[in-house]
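So the working numbering is basically just the index in the sequence shown, starting at one, shifted up by 170.
Beta carbons are placed, not taken as given, at the ideal position from N, Cα and C, and that holds for glycine.
Predicted model only: the values in this text are computed from it and were never measured.
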Amino acid sequence: MAMLTLYRKELKGKILKTAMEQFMLRGIKSVKMDDIARQLGISKRTLYEIFQDKEDLLYEGLKETEEYIDNYLKRYAETGQHNVVEVMMESYYIQAGFFSKINPAFLLEMPKYDKVVKLMAARRKERDREAKTFLKQGIEEGLFRSDVNFEIIASIGHFTMKHILETKMYRDYAFETLFETVFLVLVRGMCTEEGIRIVDASLRSGHHDTKLG
Numbered sequence: 171m172a173m174l175t176l177y178r179k180e181l182k183g184k185i186l187k188t189a190m191e192q193f194m195l196r197g198i199k200s201v202k203m204d205d206i207a208r209q210l211g212i213s214k215r216t217l218y219e220i221f222q223d224k225e226d227l228l229y230e231g232l233k234e235t236e237e238y239i240d241n242y243l244k245r246y247a248e249t250g251q252h253n254v255v256e257v258m259m260e261s262y263y264i265q266a267g268f269f270s271k272i273n274p275a276f277l278l279e280m281p282k283y284d285k286v287v288k289l290m291a292a293r294r295k296e297r298d299r300e301a302k303t304f305l306k307q308g309i310e311e312g313l314f315r316s317d318v319n320f321e322i323i324a325s326i327g328h329f330t331m332k333h334i335l336e337t338k339m340y341r342d343y344a345f346e347t348l349f350e351t352v353f354l355v356l357v358r359g360m361c362t363e364e365g366i367r368i369v370d371a372s373l374r375s376g377h378h379d380t381k382l383g
């Protein structure tokens, strides 16, 4: 029984990894449960015993990914070796890595799944709460400006990325380039001169190889 439980746990992890890779590469709609089962060499019945449908699979995959990234960044920050701007840039490299290989259809199709929409809305609220402590620390370190409304900056970033998707700007520019432009313009706007120096130094170092796991 213990071996069976371990097998199912490992299989669940493999399913989530494979499914998220395919969703991001091809878009959610074009990936069928049959495709995932076939790629893993398992029966469709086995797949449905673990995940009831594609929305359940997408939800669990996103939840696991989000939690993993949050935990990674928390450990990165808690080493005491990195200031707030360096932590923020580490987050940027992780996100840029995703956007460099993502199919825009993945982001366009996510709002069609109510369970996923609720998950991402909850995650955003949670991160907004955590951001207040993070931003306060940045101001105390002299790296974030104290005269900037950070909630406005966050809203501008959110709606700008939404506009990019709705107007299909990714047809003319690489998604990674669009994200980089929006992120860096907003980040520089909220940083002090010292904060901007750290951002630019990080970019010059070519630190684009952040790896999770």
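* Asked: Do Ile-206 and Thr-188 have their C-beta atoms within less than 8 angstroms of each other?
  -> Going by beta carbons, Ile-206 and Thr-188 fall inside the 8 angstroms limit.
* With a CB to CB cut of under 7 angstroms and the five nearest residues on each side skipped, what residues in its chain are close to Tyr-262? -> Phe-353
* To do: Could you tell me whether the stretch 244-262 touches the stretch 366-374, using the rule of 3 or more Cβ pairs below 8 angstroms?
  => yes
* Let me know the alpha helix (DSSP H) ranges lying completely inside the stretch 184-246, each 4 residues or longer, listed in chain order. => With a minimum length of 4 residues, the unbroken runs of alpha helix (DSSP H) contained wholly in the stretch 184-246 fall at 203-210, 214-220.
* With distances taken Cα to Cα, identify the nearest neighbour of Val-357 among Met-190, Leu-186, Glu-260. => Glu-260
* **Check whether Met-194 and Leu-217 have beta carbons under 8 angstroms apart** => no
* Selection from Phe-304, Glu-310, Gly-312, Val-201 that minimises the alpha carbon distance to Glu-321 -> Nearest neighbour of Glu-321 by Cα position, chosen from Phe-304, Glu-310, Gly-312, Val-201, turns out to be Phe-304.
* For Gly-211, does the count of other Cβ atoms within 10 angstroms reach 16, so buried, or fall short, so exposed? -> exposed
* Inter-stretch contact at 8 angstroms, needing at least 3 Cβ pairs: the stretch 173-183 / the stretch 261-277 -> no
* Leu-186 and Gly-231: beta carbons closer than 8 angstroms? -> yes
* Asked: Taking the alpha helix (DSSP H) that Asp-284 falls in, what are its first and last residues?
  -> 284-310
* Since I believe Tyr-283 is in contact with Glu-225 (beta carbons under 8 angstroms), could you give me their beta-carbon distance rounded to a whole number of angstroms? => That pair is a contact at about 5 angstroms.
* To do: Please name the residue, chosen from Pro-274, Ala-291, Leu-335, that lies closest to Ser-200 on a Cα-to-Cα basis.
  => Pro-274
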